[in-house]
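Asks: Below you'll find the structure I mean.
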Amino acid sequence: MLNEKSCGALVYRKYHGNTEILLIKHINSGHWSFPKGHVENDETEVETAVREIKEETGIDVIIDQSFREIVTYSPRRDTHKEVVYFIAKAKNTDFTPQADEIADIKWVEIGRAGSVLSYDNDKSIVNKAKNFIP
Ligand code: ATP
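Next comes the structure, spelled out in structure tokens:
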């Protein structure tokens with residue numbers, strides 16, 4: 012069994028009084044999820060999340076580590092994957108999708124995110140985050 016670990020965040024902004032979160036569509040598999048990526052070298056979880064969000068979306072964030080939730084799944088046969096998600100406040104809101112990995116990005120009102128996300132384990136994280144996002 013191989014083990015993989017990625018880190019990312021539910022990136023939020025306020026827009027006309029609503030909370031919106033940033034969702035991304037992967038080019039290869041076509042699923043909608045949150046920005047994240049693999050831990051490199053001796054990075055901390057927060058460093059990975061900040062770097063990957065910037066690479067995938069062009070957005071700089073402030074991470075809130077008081078929210079830390081884990082999603083697990085099997086991306087391939089014989090592989091166990093753990094993804095650590097924080098919440099993060101966007102410092103800028105204009106995104107630039109990473110051309111070779113991201114098919115689409117959008118800001119979605121948090122109450123509608125469940126209807127866009129592809130996987131139930133990601134939908135549960137949004138429900139938990141609703142109580143944390145200020
Ligand atoms: P990373 O963004 O961490 O570098 P990746 O782009 O290599 O990851 P994943 O997003 O983990 O890949 O997707 C790999 C496979 O796992 C795809 O087939 C995808 O549909 C599936 N997958 C992604 N997220 C989930 C999930 N939350 N639950 C179940 N399966 C998932």
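This note's numbering numbers the first residue of the sequence shown as 12 and each following residue consecutively.
For every residue, glycine included, the Cβ atom is placed at its ideal position computed from N, Cα and C.
1. Using the DSSP secondary-structure output, state which residues sit across from R24 in a beta bridge.
2. Kindly indicate which three-state DSSP category T68 falls into: helix, strand or coil?
3. On the three-state DSSP scale, how would you describe E54?
4. Give, in chain order, every unbroken run of the alpha helix (DSSP H) that is at least 4 residues long and sits entirely within the region 110-145.
5. Give the range of the beta strand (DSSP E) segment to which G41 is assigned.
6. Mark Y96 as exposed unless 16 or more other C-beta atoms lie within 10 angstroms of its C-beta, in which case mark it buried.
7. Within 10 Å of its beta-carbon, does Y130 have 16 or more other beta-carbons around it, so buried, or fewer, so exposed?
8. For D71, tell me which candidate among I81, V57, N29 and V119 has the shortest Cα-Cα distance.
9. Using a threshold of 7 Å, state whether the C-beta atoms of K10 and D111 are closer than that.
Replies: Reading off the structure:
1. E31
2. helix
3. coil
4. 124-127 and 131-140
5. Segment: none, G41 is in no beta strand (DSSP E) and carries neither H nor E.
6. buried
7. exposed
8. V57
9. In the structure displayed, the chain extends from 12 to 145; residue 10 sits before or after that span and is not available.
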